[in-house]
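Q: To start, I am sharing the structure in question, which I have written as structure tokens.
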Amino acid sequence: TDPASLAAWKQTLERDIQRRASKLPFECRIRRQMGQNSYTLDRGLGSGLQPGMVLHVALDEEPLISPVTGEVIGRDSPRAVGQIQVFRVMERAAYARPLPGVQLPRSGKLYARTF
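Using the working numbering, the letters of the sequence shown map in sequence onto residues 42 to 156.
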């Protein structure tokens, strides 16, 4: 276990984790900004969000829980009610606007997703 072998192994693991994480579905809560046509997302830079990304918006539904891991892997009814486009990403939050012609519901819990 020389240092060069450990460094190469670590680099291989990091690349594999990044590759796998990029394929995972993304989901976050969104809230409408008071008096504005923009929404706040509860995820930021660490989640992989980037300006220009388009996300599907869905109403809150029952969570689907993995029988193996116990983690939430999706929602019961991921039918999109519209789409938003991210325009600003900060460390722990992001901002997005509905795409042109999209009118999102004003009530209920909203989620933004990549799926």
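For every residue, glycine included, the Cβ atom is placed at its ideal position computed from N, Cα and C. As the structure is a prediction and not an experimental result, all values here were calculated from the model.
Could you check the C-alpha separation between Glu-55 and Ser-46 for me, to the nearest Å?
A: Approximately 14 Å between the Cα atoms of the pair.
Q: I believe Arg-123 touches Val-143 by the beta-carbon criterion, under 8 Å. Please report the beta-carbon distance rounded to the nearest angstrom.
A: For the record, residue 123 in the displayed sequence is Gly; it is not Arg. Right, their Cβ atoms sit about 4 Å apart.
Q: So who's on the other strand from Gly-115, going by DSSP bridges?
A: BP columns for Gly-115 point to Leu-105.
Q: Verify whether the separation of the beta carbon atoms of Pro-92 and Val-130 is less than 8 Å.
A: The answer is yes: Cβ separation under 8 Å.
Q: Straight-line CA distance for Leu-145 to Ser-88?
A: Taking the straight line from one Cα to the other gives about 23 Å.
Q: Select from Ala-99, Pro-44, Ile-106 the residue whose C-alpha is nearest the C-alpha of Tyr-152.
A: Nearest C-alpha to Tyr-152: Ala-99.
Q: Between Gln-77, Gly-115, Arg-72, which lies nearest to Asp-83 when the distance is taken from Cα to Cα?
A: Ranking the options by Cα distance to Asp-83, first place goes to Arg-72.
Q: List the endpoints of the continuous beta strand (DSSP E) containing Thr-81.
A: Unbroken beta strand (DSSP E) run through Thr-81: 80-82.
Q: Beta carbon of Pro-66, beta carbon of Thr-155: below 8 Å?
A: Yes, the Cβ-Cβ distance between Pro-66 and Thr-155 is below 8 Å.
Q: DSSP state of Ala-121, grouped into three classes?
A: If DSSP states are grouped into helix, strand and coil, Ala-121 belongs with coil.
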